[in-house]
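What follows is a single structure, written as structure tokens, with notes after it.
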Amino acid sequence: MSEEQTTPKLYEPPEEFASNANVSDPAVYEEAERDYKSFWAERARELHWFREWDEVLQWNPPEAKWFVGGKTNVAYNCLDYQIEQGRGDKVALVWEGDEPSDGTTYTYSELLAEVEKFANVLKSLGAEKGKPVSIYLPMIPELPVAMLACARIGAPHSIVFGAFSASALRDRINDCEATILVTADAAPRGGRKTPLKQNADEALEDAPSIENVVVVRRTGDDVPMQDGRDRYYDELMADAEESCPAEEMDSEDLLFILYSSGSTGKPKGIVHTTGGYLTQVNATTKWTMDLKDEDVYWCTADIGWITGHSYLVYGPLSAGGTSVQFEGTPAYPASDRWWDVIEKHKVTILYTAPTAIRSFMKGGTEDLEKHDLSSLRLLGTVGEPINPRAWEWYHENVGGGRCPIVDTWWQTETGGHMITPLPGITPTKPGSATRPFPGIEAGLFDEEGNEIEGEGSGNLVIKKPWPGMLRTLYKDPERYRETYWEKYGDVYFVGDGARRDEDGYYWITGRIDDVMNVSGHRISTAEVESALVGHPAVAESAVIGRADEDKGQAIVAYVILEGDREGSDELIQELNGQVRKVIGAHARPQEIIFTPDLPKTRSGKIMRRILRGVAEGQQDLGDTSTLADPSVVDALKESRAAN
Ligand code: PRX
24 MSEEQTTPKL
34 YEPPEEFASN
44 ANVSDPAVYE
54 EAERDYKSFW
64 AERARELHWF
74 REWDEVLQWN
84 PPEAKWFVGG
94 KTNVAYNCLD
104 YQIEQGRGDK
114 VALVWEGDEP
124 SDGTTYTYSE
134 LLAEVEKFAN
144 VLKSLGAEKG
154 KPVSIYLPMI
164 PELPVAMLAC
174 ARIGAPHSIV
184 FGAFSASALR
194 DRINDCEATI
204 LVTADAAPRG
214 GRKTPLKQNA
224 DEALEDAPSI
234 ENVVVVRRTG
244 DDVPMQDGRD
254 RYYDELMADA
264 EESCPAEEMD
274 SEDLLFILYS
284 SGSTGKPKGI
294 VHTTGGYLTQ
304 VNATTKWTMD
314 LKDEDVYWCT
324 ADIGWITGHS
334 YLVYGPLSAG
344 GTSVQFEGTP
354 AYPASDRWWD
364 VIEKHKVTIL
374 YTAPTAIRSF
384 MKGGTEDLEK
394 HDLSSLRLLG
404 TVGEPINPRA
414 WEWYHENVGG
424 GRCPIVDTWW
434 QTETGGHMIT
444 PLPGITPTKP
454 GSATRPFPGI
464 EAGLFDEEGN
474 EIEGEGSGNL
484 VIKKPWPGML
494 RTLYKDPERY
504 RETYWEKYGD
514 VYFVGDGARR
524 DEDGYYWITG
534 RIDDVMNVSG
544 HRISTAEVES
554 ALVGHPAVAE
564 SAVIGRADED
574 KGQAIVAYVI
584 LEGDREGSDE
594 LIQELNGQVR
604 KVIGAHARPQ
614 EIIFTPDLPK
624 TRSGKIMRRI
634 LRGVAEGQQD
644 LGDTSTLADP
654 SVVDALKESR
664 AAN
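No gaps in the numbering here: position 199 of the sequence shown is 222 in the numbering used here, and each next residue is one more.
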């Protein structure tokens, strides 16, 4: 029996926490349900608008427009509006470098000054409203500065995670046809360096839209600078004009594009707009993360992922918070680094991923005991299902038994939290993301398109539009419609399976499509397959995610070699190198199995269920009668055993 099926323990919100929480009245759920548009409009009113909207929502499925006619600016909300409310001297950003001796802070006024200058730099390089800017930076303050500068002038940003390879960067630049790239010489992490500028140069060999490159000197490494194209950030900033008024953006103007893996090899350019997105990340930061003025809030995600966009930058800053940005890794220079960061900055709210918690569990509690973690009052998780044992460990050892845990389910597409406890209201069950956030309506459907009522399992859907929802896929509205709105009509098809229990609590069971979740990172099987077949020795490949205690899922690749090529350790190294080159190191397979054949149906479709079963060592592989050649299964088992 899996951990999840035993009767879960119920954790009530601690009384003291509940009495001080930003929201503690359960009536918010009913109120929002009665009139979700008014609910979200009330949340939107907590932001600054140059002009109020005429209409809360226009919904022509699958096209949503929120706060129609409203004018606002995300950077203005995150900076100027905070200063107007007396937060000018409050620390907005705490930056902790890879080396513990390296760090700095920015007040709201200081951050605004940087953002205005960099917005002017971008303008001088041709940036303008509606024209995407690509950003490929380490976790340094220049990253939020560049994002906010883009938002200030209305140039949508497209951030590419620093661990992505040159070719992944190139594809993302080419898809959005950015004219400016902001990068750095190199990215230090865990005592090692990633050569960002070198990757960028390689990407730019085949990215003709880029006219200007801004290079932040992070490490001071000597990097080649191309005349007329490349300029140093510090030199541009030294000459930049100081003042840059915020552009009055339409609520539905594009704020950013973020590429995410789908079930085909081509990443999806997920489009988020201005007013609705900000409303949702702001509201959820205040309600789910309970962010208050006194808090020091640390979201450990990289800004290159949606969690960093929404809950390291836009959510906490628009709520006037102090947000910690950490450049390094949990194990450098020593395995107690995170606990050191919490003690040093007196972090009160920690938001992280189950995979990190599981890796700490393995190391035991010794590292934690060396540090004073009593500042913590709330813990969050995101990115993948958290197994109850990891939840309990987090609660007991990191939270000292006193901090509520918010297990937040959402996606790049949803912009912000969708199913999550409210820490002052919702009793939690370890492993369940609990109930939809007020104003969000979730549901379950079976494969035939019937809605499942009450307790049951099925495919998760969202039944009403929500303000932070993606508006389309960049330049591909047809794929947007097909991916999310075709299967069940006018409800949003999530791509996750879930179970709903007797209390209406949701238990997310994972992806139901060909997308893997490796340490909370979304990677498509098709992307890894296409990287592998790009190697001349590979004739065909099939990739699956195998259940993994640490990472959630681990990547296993079955590979058929060309002609009479034989598998070897060297070839495994090469193939790993190939995946690193095409996608990035985070997508390398944990296991590569050379096989003479793959299990296919008579119509030629690969049966991944069987590949998963073999990789997980399952004895009973279920029904294999639909296979064109059932003897393939034994051959696969042999190949695996030979590995
Ligand atoms: O499968 C779900 C899982 O992560 C997917 C979304 O990935 P991405 O767009 O990269 O965004 C990650 C950060 C929001 C979902 O479809 N997922 C995310 N949060 C949870 C989760 N699975 C279970 N529980 C969660 N709390």
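Positions of the beta carbon are idealized from the N, C-alpha and C atoms, including for glycine.
This structure is a prediction, so every number in the text was calculated from the model and none was measured.
Query	Result
May I ask you to report which of helix, strand or coil DSSP gives W76?	coil
Given this structure, state the Cα-to-Cα distance separating T451 from P444, to the nearest angstrom.	7 Å
Looking at the secondary structure, which residues open and close the alpha helix (DSSP H) in which T624 lies?	Run containing T624: none; DSSP gives neither H nor E here.
Would you check whether ligand 1 has a heavy atom nearer than 7 Å to the C-beta of W89?	no
Are K498 and A465 close, meaning C-beta to C-beta below 8 Å?	no
Which one or two residues does DSSP pair with E474 in a beta bridge?	F468
Which word fits T127, buried or exposed, when buried means at least 16 other C-beta atoms lie within 10 angstroms of its C-beta?	exposed
How should S626 be labelled, buried or exposed, when 16 other C-beta atoms within 10 angstroms of its C-beta is the threshold for buried?	exposed
From the DSSP secondary-structure annotation, give me the bridge partner or partners of L116.	Y129, S346
Which residue from F40, L166, P84, A189 puts its Cα closest to that of K604?	A189
Between A456 and the rest of its own chain, which residues show a CB-CB distance below 7 Å, the 5 nearest in sequence each way excluded?	D430, T431, W432, I442, T443, Y529, I531
Put T747 into one of helix, strand or coil per three-state DSSP.	Residue numbering for the chain in the displayed model covers 24 to 666; residue 747 lies beyond these limits and cannot be assessed.
V138: which of W416, S553, T30, A263 sits nearest, CA to CA?	A263
Could you give the DSSP three-state label for A456: helix, strand or coil?	coil
Say whether chain B places a C-beta atom closer than 8 Å to the C-beta of A306.	As a matter of chain content, chain B is missing from the structure shown, which is built from one protein chain.
Can you name, in chain order, every residue of its own chain whose Cβ lies under 6 Å from the Cβ of F468, other than the five neighbours on each side?	E474, G481, N482, V484, Y511
How long is the line joining the alpha carbons of E151 and E525, rounded to whole angstroms?	52 Å
Give a yes or no on contact between the segment 113-133 and the segment 244-258, applying the rule of three or more CB pairs nearer than 8 Å.	no
Can you name the residues that DSSP bridges to C322?	Y374
So T618 and L659 are supposed to be a Cβ contact under 8 Å. How far apart are they, rounded?	6 Å
Would you mind reading off the limits of the alpha helix (DSSP H) that contains K220?	219-227
What is the rounded straight-line gap between the Cα of A608 and the Cα of T95?	39 Å
Is T548 closer than 8 Å to I567 when the C-beta atoms are compared?	yes
Please give me, in chain order, every unbroken run of the beta strand (DSSP E) with length at least 3 that falls completely inside the segment 404-459.	428-431
Any idea what DSSP makes of A210, helix, strand or coil?	strand
Nearest by alpha-carbon distance to H368: which of E392, V51, W321, Y131 is it?	W321
Would you call the CB atoms of G213 and E407 closer than 8 Å?	no
Which whole-angstrom value is the C-beta distance of I196 and S147, which I expect to be below 8 Å?	20 Å between Cβ atoms; not a contact.
Report the residue from L373, E661, D657, I633 whose alpha carbon sits nearest the alpha carbon of T649.	I633
Could you tell me the boundaries of the beta strand (DSSP E) in which G292 lies?	291-296
Out of curiosity, what's the CA-to-CA distance linking P446 and A324?	21 Å
Count the other CB atoms, across all protein chains shown, that sit within 10 Å of the CB of G479; report buried if there are 16 or more and exposed otherwise.	exposed
Give me, in chain order, the residues of the same chain whose beta-carbon lies closer than 6 Å to that of A41; leave out the 5 immediate sequence neighbours on both sides.	S47, G447
What are the boundary residues of the beta strand (DSSP E) that K88 is part of?	86-91
To the nearest angstrom, how far is the alpha carbon of L160 from that of L219?	8 Å
Can you have a look at A413 and say buried or exposed, based on whether 16 or more other CB atoms are within 10 angstroms of its CB?	buried
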